[in-house]
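Heads up: the sequence lines are chains Z and W, in that order. For what it's worth, the working numbering labels the leading residue of the first sequence as 246, then goes sequentially. For what it's worth, the working numbering labels the leading residue of the second sequence as 26, then goes sequentially. C-beta: ideal position from N, C-alpha, C; glycine also.
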Amino acid sequence: MRGMLCVYALVSPSRKTPGVTGVRGERLRRISFQRVDVIVGQMASPPKPTGVAVRRYDTVMRTLGDRFPAILPARFGTCVVDVEELAFIVKTRQASFVKSLRLVRNRVQMTVRIFSPQPRASEGRRLPGRDGGRRGGTEVAREGRRSGAQYLRERAEIARYLPGSEPIRAAVKKWVKAERIERHEGQRFAGSIFHLVARSAVRPYHRALERAAMAADVTTIISGPWPPYAFADWNG
Amino acid sequence: MSPSRPRARKAATGAELVLGTEDASLLDIVDNVLNKGVVLSGDLTIALANVDLIYARLSVLLCAADRVLPPDQRSSAQKAPAHRRPPPLGRPPTAP
Numbered sequence: 246m247r248g249m250l251c252v253y254a255l256v257s258p259s260r261k262t263p264g265v266t267g268v269r270g271e272r273l274r275r276i277s278f279q280r281v282d283v284i285v286g287q288m289a290s291p292p293k294p295t296g297v298a299v300r301r302y303d304t305v306m307r308t309l310g311d312r313f314p315a316i317l318p319a320r321f322g323t324c325v326v327d328v329e330e331l332a333f334i335v336k337t338r339q340a341s342f343v344k345s346l347r348l349v350r351n352r353v354q355m356t357v358r359i360f361s362p363q364p365r366a367s368e369g370r371r372l373p374g375r376d377g378g379r380r381g382g383t384e385v386a387r388e389g390r391r392s393g394a395q396y397l398r399e400r401a402e403i404a405r406y407l408p409g410s411e412p413i414r415a416a417v418k419k420w421v422k423a424e425r426i427e428r429h430e431g432q433r434f435a436g437s438i439f440h441l442v443a444r445s446a447v448r449p450y451h452r453a454l455e456r457a458a459m460a461a462d463v464t465t466i467i468s469g470p471w472p473p474y475a476f477a478d479w480n481g
Numbered sequence: 026m027s028p029s030r031p032r033a034r035k036a037a038t039g040a041e042l043v044l045g046t047e048d049a050s051l052l053d054i055v056d057n058v059l060n061k062g063v064v065l066s067g068d069l070t071i072a073l074a075n076v077d078l079i080y081a082r083l084s085v086l087l088c089a090a091d092r093v094l095p096p097d098q099r100s101s102a103q104k105a106p107a108h109r110r111p112p113p114l115g116r117p118p119t120a121p
């Protein structure tokens, strides 16, 4: 059966075997390239994202995360035709993969879901930025002195604003190597924070975050540690 | 890295109304596995000031030629004579 290669994860060069079977029970193997190894399984067709399959995929990723100190999980169902195609892709993106592997080495992901205390109205509150987000595009355009890059940086900062998250983030800042924020537009669900934390720091991080959330009276759901899914393909 | 149940605060009744513990766990798994992780294809993201501006799928263009062109077209492309090449930009094509 020729099939295709299902890519599970990228890891730092190692001699270890994957030590686990794949989503369909297939044998996993490690393919070595110059500075990146790839964990793959042979399949006839891409796996379907059923509840059982995604849970199994996460289990596989956790096992791999225990065996390899630096791991970049691939998105579920990532498949390539053959080793040649995989080699081409890895070669063209090797520099960014090596950088990401260095970032996630011996680190795990913690996820914090933040909920608003009451249904949110439209975003009329003050937003971060030089003008608190109050000024419209016309006023900004008239100013003319702000560079395009500066404008984009400020907009990116606004996109990272998550109401209620400041005291929580400040409380765990010393353990956080990298942070990613996703805002949501739901009435109650304000957004998600993904923190990259050293494995050894998970417990103090968790305690500090819970304390900060209670002190700030912010509703949260904390989960983890997870393999570093949110930082595997992240530009920071 | 053993699985950890999501730990909701005792006072987080609002969140528990939104999601039960089991549902929250599956939500995290689905979000991680289907919405995050490395996507392996020949994609190019051009960023300015840490903001992704252009997302261009180059997976077809970046593939090796022998994976895109059938053998007969490959050989004719390699043998294209100079006079059949299009003129440089800015110059109108000459009459045959």
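Taking every protein chain shown into account, the CB of Q279/Z has fewer than 16 other CB atoms within 10 angstroms, so this residue is exposed.
The beta-bridge partner set that DSSP reports for M288/Z consists of M249/Z. Within the stretch 322-335 of chain Z, G322, T323, C324, V325, V326, E329, E330, L331, F333, I334, V335 place their CB atoms closer than 9 Å to a CB of chain W, listed in sequence order. Considering only beta carbons, the part of the stretch 287-299 of chain Z lying closer than 8 Å to chain W consists of P294, G296, V299, in chain order. For K422/Z, the enclosing beta strand (DSSP E) covers residues 421-428. Under the DSSP assignment, V442/Z falls in the beta strand (DSSP E) whose first and last residues are 434-443. Put simply, the stretch 333-343 of chain Z does not touch the stretch 454-464 of chain Z. Fewer than three CB pairs are less than 8 Å apart. Note on E430/Z: under 16 other CB atoms within 10 angstroms of its CB, so exposed under the neighbour-count rule.
R320/Z reaches chain W at V58, L59, N60, K61, G62, V63, V64, L65, counting residues in chain order whose Cβ is nearer than 9 Å.
What A315/Z touches in chain W, judged by beta-carbon distance under 7 Å, is nothing: the nearest beta carbon there is about 13 Å away. The residue among S277/Z, S257/Z, A289/Z, V256/Z with its C-alpha nearest the C-alpha of R269/Z is A289/Z. A residue is called buried once 16 or more other Cβ atoms fall within 10 Å of its Cβ, and T262/Z, having fewer, is exposed. Out of P472/Z, A298/Z, V325/Z, the CA that lies nearest to the CA of Q287/Z is found in V325/Z. Residue pairing by DSSP places Q354/Z opposite L441/Z, W471/Z in a beta bridge. In this structure, A298/Z keeps its C-beta atom at 7 Å or more from the C-beta atom of P291/Z. Within chain W, the residues P31, D53, D56, N57 have their CB atoms less than 9 Å from the CB of T356/Z, given in chain order. Membership of L348/Z in the alpha helix (DSSP H) is indicated by the continuous run 339-349. Taking the Cα positions, Y474/Z is about 17 Å away from V281/Z. The contact set of V252/Z on chain W, defined by CB atoms closer than 9 Å, consists of V63, L65 in chain order. Residue contact check for W420/Z against chain W: no CB pair falls below 7 Å. The closest CA to that of E330/Z, considering only R400/Z, C251/Z, R300/Z, is found on C251/Z.
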